[in-house]
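By my numbering, the letter at position 58 of the sequence shown is numbered 52, and the numbering carries on one by one without gaps. Quick notes on the structure that follows.
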Amino acid sequence: MNIKLKYCGIRSWREKDAESLTYHANNRKIWINLRDAFPHPYILSDAYKFIEFAKSKDPETLFCISKNNEAIGSIGHSLQHDVERFSAEIGYWLGEKFWNRGIMTEALRAVP
């Protein structure tokens, strides 16, 4: 999957994204706002595990947010179950140096 937008792109995760994923995800300001499963410190092996997990989803539900072909964040959705079966949850984060530029707003509007 590959969606090109004005400020960013949304695409499938690639193994070669691991280094930039590690660089941007290893940030306490990001970590404190995500679920407990998000590791801190975020190391290269965490990135490879996440990318492998994202690529295993069928249908694809976890996407890379990219800028100039660099992975700068993540966005995804999951359908809920039981009494929440008509709902979905969206999760996302963006590398701190890309905050306040309209990137996440654009990505949220475009996520499939």
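Virtual Cβ for every residue (Gly too), placed ideally from N, Cα, C.
Discussion item. Which residues does DSSP list as the beta-bridge partners of Phe109?
Written reply: Because residue 109 is not part of the residues shown, which for the chain are -5 to 106, the question remains open.
Fill in: Unbroken alpha helix (DSSP H) run spanning Trp87, endpoints
Not the alpha helix (DSSP H): Trp87 falls in the beta strand (DSSP E), residues Ala82 to Leu88.
Item to complete: With DSSP collapsed to three states, give me the class of Glu46.
Response: helix
Worksheet entry | heavy atom of the ligand GDP below 6 Å from Trp25 C-beta | Questions concerning the ligand GDP fall outside what the structure shown contains, since it holds no ligand whatsoever.
Worksheet item: Shorter than 7 Å from the beta carbon of Thr99 to some beta carbon of chain D?
Response: Among the chains of the structure shown, chain D does not appear; only one protein chain is present.
Worksheet item: For Arg103, which of helix, strand or coil comes out of DSSP?
Response: helix
Worksheet item: Taking Cβ to Cβ, would you say Gly67 is nearer than 7 Å to Ile59?
Response: yes
Discussion item. Cutting at 6 Å between CB atoms, please list the residues of its own chain near Ser50, excluding the five before and the five after it.
Written reply: none
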